[in-house]
Amino acid sequence: MRPSLVAGAVAVAVFAVAAALGGLLSSYSTGLLIDCLIFAVLALGLNLLLGQTGLPSLGHAAYFGVGAYTAGLVMLHVSDSFWWGAAAAIAASMAVGAVYGLLALRTSGVYFLIITLALGQITFAIAFSWRSLTGGDDGLRGIGRPDLGLPGLNVDTTAGYYLLALAAAAAALLLMRLIVRSPFGEALRGIHQNPDRMAALGYNVWLYKFLAFVISAGFAGWAGVIFVYYKGFISPEAVGIVVSAEVTLMVIVGGAGTLIGPFLGAFLVVFMSHVVSGYTDRWLTVLGLLYICVMLFAPKGIVTLVGDAWRARRSA
Amino acid sequence: MSAQAVDVDNVVMQFGGLRAVDGVSLRVGVGERRVLLGPNGAGKTTLFNMIGGQLQPTSGAVRLFGRDVSKQNPYRRAHDGLARTFQITSLFPDMTVGENVHLAVRALSTSRFGMIRPAGAYPRIAERVADILAEWRFPAGADTRVSNLSYGDQRKLELAMAVANRPRILLLDEPTSGLSATETESVVGLIKGLPEDVTVIVVEHDMDVAFAVADLFTILHNGRLVTTGTAAEVQANEDIQRIYFGEGE
Chain A
2 MRPSLVAGAV AVAVFAVAAA LGGLLSSYST GLLIDCLIFA VLALGLNLLL
52 GQTGLPSLGH AAYFGVGAYT AGLVMLHVSD SFWWGAAAAI AASMAVGAVY
102 GLLALRTSGV YFLIITLALG QITFAIAFSW RSLTGGDDGL RGIGRPDLGL
152 PGLNVDTTAG YYLLALAAAA AALLLMRLIV RSPFGEALRG IHQNPDRMAA
202 LGYNVWLYKF LAFVISAGFA GWAGVIFVYY KGFISPEAVG IVVSAEVTLM
252 VIVGGAGTLI GPFLGAFLVV FMSHVVSGYT DRWLTVLGLL YICVMLFAPK
302 GIVTLVGDAW RARRSA
Chain B
5 MSAQAVDVDN VVMQFGGLRA VDGVSLRVGV GERRVLLGPN GAGKTTLFNM
55 IGGQLQPTSG AVRLFGRDVS KQNPYRRAHD GLARTFQITS LFPDMTVGEN
105 VHLAVRALST SRFGMIRPAG AYPRIAERVA DILAEWRFPA GADTRVSNLS
155 YGDQRKLELA MAVANRPRIL LLDEPTSGLS ATETESVVGL IKGLPEDVTV
205 IVVEHDMDVA FAVADLFTIL HNGRLVTTGT AAEVQANEDI QRIYFGEGE
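As they're listed, the protein sequences go chains A and B. Okay, so the first sequence: first residue is 2 according to the numbering used here, each after it adds one. Okay, so the second sequence: first residue is 5 according to the numbering used here, each after it adds one.
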């Protein structure tokens with residue numbers, strides 16, 4: 002049996018079990034899983050830049066936030082249709098990603114990191130101070146659950162919404178799998194390793210980076226949609242540096258450049274944050290320690306570490 | 005009227021206080037094989053980078069087949085039929101030999117922006133990659149990671165990737181540096197075996213290689229073009245002897 006078929010079968014089984022879990026777990030645990038799925042989609046999007054293309058964006062909460070605010074505003078002022086809200090949110094995230102990408106891609110390396118951080122903070126400042134649109138530091142409140150227009154799926158309950166989040170994450174994962182395996186994804190990996198050679202071969206390196214930036218922002222916006230309809234509110238905190246930093250860690254801890262790594266990294270970090278918060282307020286300290294441990298013992302992330310160990314055992 | 009394949013017109017490259025290339029003009033006809041000679045720091049690689057597009061000249065112009073490309077990105081020049089290798093091996097070290105060749109073949113294909121179909125599901129590209137791998141025969145196999153490849157095979161892979169899309173102009177920056185005598189011989193054979201209409205410019209330190217692959221030789225020194233001549237002229241010219249071989253102070 003081909004390895005890709007095995008992987009596909011495993012993925013289907015995992016999602017089937019995950020879907021069944023929704024009905025069995027407590028509402029609190031289900032909520033936690035929804036959080037994991039939302040951040041998994043966000044991390045998946047960031048990984049296209051950070052892992053595949055080697056562009057360390059430290060402002061990804063911006064596109065997440067733009068998606069969440071847009072979906073929230075559509076719900077409050079225009080329509081309660083999930084699809085209109087999602088389409089508007091993804092379009093807005095990608096548009097902001099395109100503008101920020103134009104600015105950030107004039108730089109590279111650590112300057113790229115700093116300018117994406119700065120653009121993220123500008124977005125945070127806008128969310129904070131444009132009261133008439135965003136509600137300022139009160140945020141947007143009273144955003145209801147959307148209408149999917151699909152009979153039989155009631156997303157008003159946590160268990161029902163969990164199925165929506167699971168389907169959204171599965172769709173994102175499938176789409177990302179297509180992208181990273183396509184000629185486009187292959188070119189991004191080439192650009193990561195040797196941009197000068199790629200240019201000499203005939204690849205428009207800038208355009209690839211720009212498209213990766215915009216697509217990545219679109220995934221972040223999709224995560225924002227699932228987030229805002231679940232929480233029912235959105236405040237500037239979700240756009241801030243802490244979220245950007247957490248997502249970056251999820252990608253690195255799970256395994257930057259792998260498909261499933263960011264997904265697992267998101268589950269690990271979200272679960273740990275919930276568990277640790279039960280004992281201490283120093284979650285950020287623990288997050289820092291986790292990061293140091295990964296850098297020391299599995300610098301390429303957990304998925305890569307396990308994969309290498311498995312291959313080593315097979316060939317031994 | 006047939007245009008020159010490469011027409012470098014009075015180019016200057018200024019790096020801060022250093023004038024690396026100082027008013028060089030160079031015309032290379034279609035199908036010509038030219039070697040650039042000169043001691044280290046003569047400006048050979050800088051000149052190469054201006055022809056390849058890695059650098060834009062401070063002043064002067066670079067024309068390929070009569071068209072001014074001075075401000076054009078390297079990738080645009082690749083689409084115009086220019087390919088090159090680098091002095092320091094420049095590959096994709098974490099990919100396999102096959103994947104490296106694949107990226108080279110894909111570079112000029114319209115499917116290079118494809119986002120839906122898997123990269124391996126393009127039969128014509130897969131076929132061309134297989135042809136190149138069969139033609140160049142890497143003993144370690146196509147699935148070997150490039151970082152595990154011997155230095156000689158890495159240089160060979162550079163060449164294979166440069167000619168993968170049948171370029172009209174080929175720039176080779178010290179293709180035999182660090183190679184054994186046998187490997188050097190095989191690279192010379194490969195260069196001589198290129199189709200006749202391919203214009204080839206080579207930076208080369210090994211005089212035996214230089215005389216084997218080219219008919220005309222251009223000597224650079226301190227960023228200036230000293231002369232262009234045949235093998236006999238180069239060997240007989242005392243100025244060149246002094247500059248290039250450092251004889252008689």
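All C-beta atoms, glycine included, are put in the ideal place defined by N, C-alpha and C. Owing to the predicted nature of the structure, the values given are computational and were not obtained by experimental measurement.
Whose CA, out of the options, lies closest to the CA of residue i?
{"i": "Pro57(A)", "options": "Leu265(A), Val287(A), Val248(A), Gly255(A)", "result": "Val248(A)"}
{"i": "Leu260(A)", "options": "Gly186(A), Val270(A), Gly279(A)", "result": "Gly186(A)"}
{"i": "Asn44(B)", "options": "Leu224(B), Pro179(B), Gly182(B), Thr180(B)", "result": "Leu224(B)"}
{"i": "Ala62(A)", "options": "Val252(A), Tyr112(A), Ala246(A)", "result": "Ala246(A)"}
{"i": "Phe129(A)", "options": "Ser5(A), Val295(A), Gly241(A)", "result": "Gly241(A)"}
{"i": "Gly140(A)", "options": "Gly73(A), Leu174(A), Ile235(A)", "result": "Ile235(A)"}
{"i": "Gly35(B)", "options": "Gln91(B), Leu51(B), Leu68(B)", "result": "Leu68(B)"}
{"i": "Gln122(A)", "options": "Tyr162(A), Val307(A), Glu238(A), Arg146(A)", "result": "Glu238(A)"}
{"i": "Val150(B)", "options": "Val192(B), Gln91(B), Glu162(B)", "result": "Glu162(B)"}
{"i": "Ala160(A)", "options": "Ile115(A), Tyr29(A), Ala313(A)", "result": "Tyr29(A)"}
{"i": "Arg141(B)", "options": "Ser190(B), Arg121(B), His83(B), Ala214(B)", "result": "Ser190(B)"}
{"i": "Gly23(A)", "options": "Phe83(A), Val79(A), Ile35(A)", "result": "Ile35(A)"}
{"i": "Ser183(A)", "options": "Phe117(B), Met54(B), Asp212(B)", "result": "Phe117(B)"}
{"i": "Phe90(A)", "options": "Ala221(A), Tyr162(A), Gly191(A), Ala172(A)", "result": "According to the sequence displayed, residue 90(A) carries Ala and not Phe. That would be Ala221(A), whose Cα lies nearest to the Cα of Ala90(A)."}
{"i": "Gly308(A)", "options": "Gly256(A), Gly289(A), Val295(A)", "result": "Gly256(A)"}
{"i": "Leu153(B)", "options": "Arg80(B), Gly227(B), Pro179(B), Asp98(B)", "result": "Asp98(B)"}
Report yes if the C-beta distance between residue i and residue j is below 7 Å; otherwise report no.
{"i": "Gln18(B)", "j": "Thr93(B)", "result": "no"}
{"i": "Met251(A)", "j": "Leu45(A)", "result": "no"}
{"i": "Val67(A)", "j": "Ala92(A)", "result": "no"}
{"i": "Thr54(A)", "j": "Leu189(A)", "result": "yes"}
{"i": "Leu50(A)", "j": "Ser217(A)", "result": "yes"}
{"i": "Thr114(B)", "j": "Asp177(B)", "result": "no"}
{"i": "Thr203(B)", "j": "Ile173(B)", "result": "yes"}
{"i": "Val277(A)", "j": "Phe40(A)", "result": "no"}
{"i": "Trp223(A)", "j": "Val42(A)", "result": "yes"}
{"i": "Ala82(B)", "j": "Ser74(B)", "result": "no"}
{"i": "Ala169(A)", "j": "Ile115(A)", "result": "no"}
{"i": "Val244(A)", "j": "Met95(A)", "result": "no"}
{"i": "Glu208(B)", "j": "Ala214(B)", "result": "yes"}
{"i": "Ala99(A)", "j": "Thr117(A)", "result": "no"}
{"i": "Val10(B)", "j": "Ser29(B)", "result": "no"}
{"i": "Phe390(A)", "j": "Ala171(A)", "result": "No answer is possible for residue 390(A): the residues shown for chain A start at 2 and end at 317."}
For a test of the three-state rule: what should DSSP assign to residue i, helix, strand or coil?
{"i": "Gly156(B)", "result": "helix"}
{"i": "Met5(B)", "result": "Unreliable placement is indicated for Met5(B), whose pLDDT of 42 sits below 50; the coordinate value is still reported in the next sentence. DSSP places Met5(B) in coil when its eight states are reduced to three."}
{"i": "His275(A)", "result": "helix"}
{"i": "Asp135(B)", "result": "helix"}
{"i": "Met17(B)", "result": "strand"}
{"i": "Arg146(A)", "result": "coil"}
{"i": "Asp309(A)", "result": "helix"}
{"i": "Gly27(B)", "result": "strand"}
{"i": "Gly266(A)", "result": "helix"}
{"i": "Glu253(B)", "result": "With a pLDDT of 42 at Glu253(B), under the threshold of 50, the modelled position of that residue is not reliable, and no figure is offered here."}
{"i": "Val206(B)", "result": "strand"}
{"i": "Asp36(A)", "result": "helix"}
{"i": "His61(A)", "result": "coil"}
{"i": "Asp11(B)", "result": "strand"}
{"i": "Arg67(B)", "result": "strand"}
{"i": "Val73(B)", "result": "coil"}
{"i": "Arg141(B)", "result": "coil"}
{"i": "Arg121(B)", "result": "coil"}
{"i": "Arg170(B)", "result": "coil"}
If contacts are defined as beta-carbon pairs under 8 Å, then residue i and residue j qualify, I think. What distance do you get, rounded to the angstrom?
{"i": "Pro61(B)", "j": "Ala200(A)", "result": "Wrong, their Cβ atoms sit about 17 Å apart, outside the cutoff."}
{"i": "Arg110(B)", "j": "Ile129(B)", "result": "6 Å"}
{"i": "Gly225(A)", "j": "Ala126(A)", "result": "At roughly 18 Å, the Cβ-Cβ gap does not stay under 8 Å, so Gly225(A) and Ala126(A) are not in contact."}
{"i": "Gln76(B)", "j": "Gly57(B)", "result": "6 Å"}
{"i": "Asp81(A)", "j": "Gly150(A)", "result": "Actually they are not in contact, since the Cβ atoms of Asp81(A) and Gly150(A) sit about 10 Å apart, beyond 8 Å."}
{"i": "Val75(A)", "j": "Trp85(A)", "result": "6 Å"}
{"i": "Phe52(B)", "j": "Asn195(A)", "result": "With a Cβ gap of about 18 Å, Phe52(B) and Asn195(A) do not count as contacting."}
{"i": "Leu291(A)", "j": "Val254(A)", "result": "7 Å"}
{"i": "Ala7(B)", "j": "Gly70(B)", "result": "3 Å"}
_Three or more C-beta pairs below 8 Å linking the segment 137-148 of chain B and the segment 201-208 of chain A_ = Not touching, per the Cβ criterion.
*asked:* I'd like to know if the segment 280-298 of chain A and the segment 14-32 of chain B are in contact, where contact means that at least 3 CB-CB pairs between them fall below 8 Å.
replied: No contact exists between the segment 280-298 of chain A and the segment 14-32 of chain B.
*Is it a yes or a no for the segment 261-272 of chain A touching the segment 109-118 of chain A, going by three-plus beta-carbon pairs under 8 Å?*
For the pair of segments examined, the segment 261-272 of chain A was found not to touch the segment 109-118 of chain A: the number of CB pairs separated by less than 8 Å stays below three.
_Taking contact to mean 3 or more Cβ pairs, one atom from each stretch, closer than 8 Å, check whether the segment 162-174 of chain B and the segment 187-202 of chain B are in contact._
Counting Cβ pairs under 8 Å, three or more are found: they touch.
*Kindly confirm or deny that the segment 226-234 of chain B and the segment 24-41 of chain B touch, where touching means at least three C-beta pairs closer than 8 Å.*
Below 8 Å, enough C-beta pairs join the segment 226-234 of chain B and the segment 24-41 of chain B to call them touching: three or more.
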